[in-house]
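In the numbering used here, the protein residues as written are 184 to 839.
From the three backbone atoms N, C-alpha and C, an ideal C-beta is built for every residue, glycine too.
Every value quoted in this text rests on a predicted model; they were computed, and no experiment measured them.
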């Protein structure tokens, strides 16, 4: 367990823009930073980081939190794991207090896969020093021109020939069999015994964006082995489609150069980095995916594809061009001379020669695709017509209207066809895409609604991504409870200066927003119906009663171990309170502080919603009630209607 004073030191030291900047390319905008959200797909930046408040917020998907919350969400860490990560980043010594057996067991499960993967990395590295590893594995690296410093930097290793070498070493070090299997490092046979997943292979660790080893790629050196590469299976910590080999080592240079070079092979990416071209990544032995493109987009919108020049490489490049365009990014393509791949080419040329070759030979993605398809179409009119339609459909994938028009004009000139004809094809394709997407969205929404209607109420776990719909048990009261909590989290310590003729005027001194709301609810012993909001309310006032300032309270909530409360605080402390033009004008003409007008209105609106909830509950009882009970229910409904009428007159919804 991490002592409280150490936790405080970690949280005080961590700068949110530095922490998030390790994962996302942030661009300064005034006193804050913006980026495309790392948690959902978007074309324009809606992800904001505010250093002065220590908060991030995506106004697209709603994700929000502090530095520690971001690390938990992005790296799927527990609260203690995220604190340890930040401590390591800022060189803070963590001397943990003795944990109980239960705490050790709980932490072990959450950390075990990462821990056993790190053990495997060190094991494979150490095996390079064995006779077999040095002769075969190290010999391979040196024959490929990979230097010792590169081997060390990338943690390249060797998986020995024994069937259970890693398994036995891991067992001896205290790692459980279940974690070896779960991490994709061992295979359980039918008789229950374990064997190593990787044997007689040179090993390439796959790092997460933050530099943690999450998987491996192993290359055989035997020419008769059909499985040239064996990669880790998907695990709880490794999803192939979301990771790129080399992204940890390349992310800084990608952002700096505003360009990413995408290659195919493990050795290709390692050798390019060794040569000094360090903005290079590879797709981990899988076909390029949308998630991988979005990962690159966090750091740049420009991708240069450098695949092998064979048929497979050409088709992969064509596919990649369309996917990159759909993400609103800019694809370029460069193919090396026949017989060369990035690995062999880098060993034949100097750094300057490679850079010059890329600059002189890379083509715009659509131009490259056009040239390639034209060469295949020859003089066949039908093939040429299909080609033009295919190029127009590719242009239709571009989200930006100006870019689309530029390409329409370029295609028109290239094929000597009127731009209007190309534009018409592009327009029809985009209309079809929009209709298809709309229908897909409708089907998905209907599916979710059916599932939600059939499902039991969902219990939100603290470490799970927080969505309002999952934590609002009472949908009638949720909007009003959220509104009151927003006032508290944003303006809780702000005094309410009521005029002397106001029914809320107190001669002894002004109440704060938090005190005013709390007094209004406490009078009727009201508690929020939605547990997440009620827990946040109670946590806020526990800190408020300690005399802390507003910013201190919010930061304590954001950085607290109750991650549900932290997520609510992050969401609502950054949620803008919107006023209509009419109401805003009214607020300004009535008082200098719009809070004086709108906080009481929010309380009245909340009471109105509470009465509505009571009405719904009473109406539901009517059909099964006895005659006497029905009369009592109708009488109570009448009283509620009178109270609601009074409230709505005060709110200006009804006239007297």
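Residue from the options with nearest C-alpha to residue i
i           : options               : result
residue 277 : 194, 497 and 577      : 194
residue 547 : 489, 528 and 558      : 489
residue 534 : 461, 549, 745 and 593 : 461
residue 714 : 708, 703, 655 and 734 : 655
residue 798 : 388, 698, 820 and 601 : 820
residue 583 : 508, 264, 781 and 532 : 508
residue 788 : 334, 219, 199 and 832 : 832
residue 728 : 753, 701 and 749      : 701
residue 184 : 197, 217, 451 and 263 : 263
residue 829 : 817, 803, 791 and 801 : 791
residue 720 : 682, 681 and 673      : 673
residue 340 : 359, 199, 381 and 356 : 381
residue 668 : 573, 607, 754 and 521 : 754
residue 576 : 561, 599 and 506      : 506
residue 448 : 387, 610, 421 and 354 : 387
residue 597 : 737, 554, 824 and 188 : 554
Beta-carbon proximity list for residue i, same chain, < 6 Å, skipping 5 on both sides
i           : result
residue 678 : 693 and 695
residue 364 : 371
residue 766 : Because residue 766 sits at a pLDDT of 47, beneath the cut-off of 50, its placement in the model cannot be relied upon, and the following sentence gives the value as read from the coordinates. Nothing meets the Cβ criterion.
residue 454 : 526 and 529
residue 437 : 443, 462, 482 and 483
Cβ-based neighbour list, residue i, same chain, cut-off 8 Å, excluding 5 preceding and 5 following
i           : result
residue 545 : 487, 515, 516 and 517
residue 795 : 659 and 827
residue 377 : 347, 350, 360, 363, 364, 369, 370 and 371
residue 812 : 804
Status (buried if at least 16 other CB within 10 Å, exposed otherwise) for residue i
i           : result
residue 793 : buried
residue 248 : buried
residue 705 : exposed
residue 414 : buried
residue 442 : buried
residue 747 : buried
residue 666 : buried
residue 710 : exposed
residue 231 : buried
residue 325 : exposed
residue 585 : exposed
residue 399 : buried
residue 552 : buried
residue 589 : exposed
residue 310 : buried
residue 510 : buried
residue 456 : buried
Secondary structure of residue i, DSSP reduced to three states
i           : result
residue 339 : coil
residue 458 : helix
residue 230 : strand
residue 764 : For residue 764, the predicted model reports a pLDDT of 37, less than 50, meaning its position is unreliable; a value from the coordinates is still stated below. Three-state result, residue 764: helix.
residue 356 : coil
residue 243 : coil
residue 297 : helix
residue 695 : strand
residue 465 : strand
residue 328 : coil
residue 409 : coil
residue 414 : strand
residue 372 : coil
residue 399 : strand
residue 645 : Annotation note: pLDDT 35 at residue 645 (below 50); position unreliable, coordinate value reported separately. If DSSP states are grouped into helix, strand and coil, residue 645 belongs with coil.
residue 390 : strand
residue 384 : strand
residue 821 : helix
residue 449 : helix
residue 657 : coil
residue 751 : helix
residue 662 : helix
residue 198 : coil
residue 442 : coil
residue 678 : strand
Beta-carbon contacts of residue i that lie in its chain and below 7 Å, excluding the five residues immediately before and after
i           : result
residue 306 : 349 and 352
residue 699 : 679 and 782
CB contact below 8 Å: residue i versus chain B
i           : result
residue 482 : No chain B appears in the structure shown, which is made up of a single protein chain.
The region 194–208 / the region 387–407 touching (three or more Cβ pairs under 8 Å): Contact between the region 194–208 and the region 387–407 is present, because at least three Cβ pairs lie under 8 Å.
For the structure I just gave you, are there three or more beta carbon pairs, one from the region 296–303 and one from the region 314–334, closer than 8 Å? no
Is there contact here, the region 238–252 with the region 213–227, by at least three beta-carbon pairs under 8 Å? yes
At least three beta-carbon pairs within less than 8 Å, the region 462–473 to the region 332–346: Judged by Cβ distances under 8 Å, the region 462–473 makes no contact with the region 332–346, as fewer than three pairs qualify.
Determine, using beta-carbon pairs with one atom in the region 614–628 and one in the region 736–754, whether at least three such pairs fall under 8 Å. no
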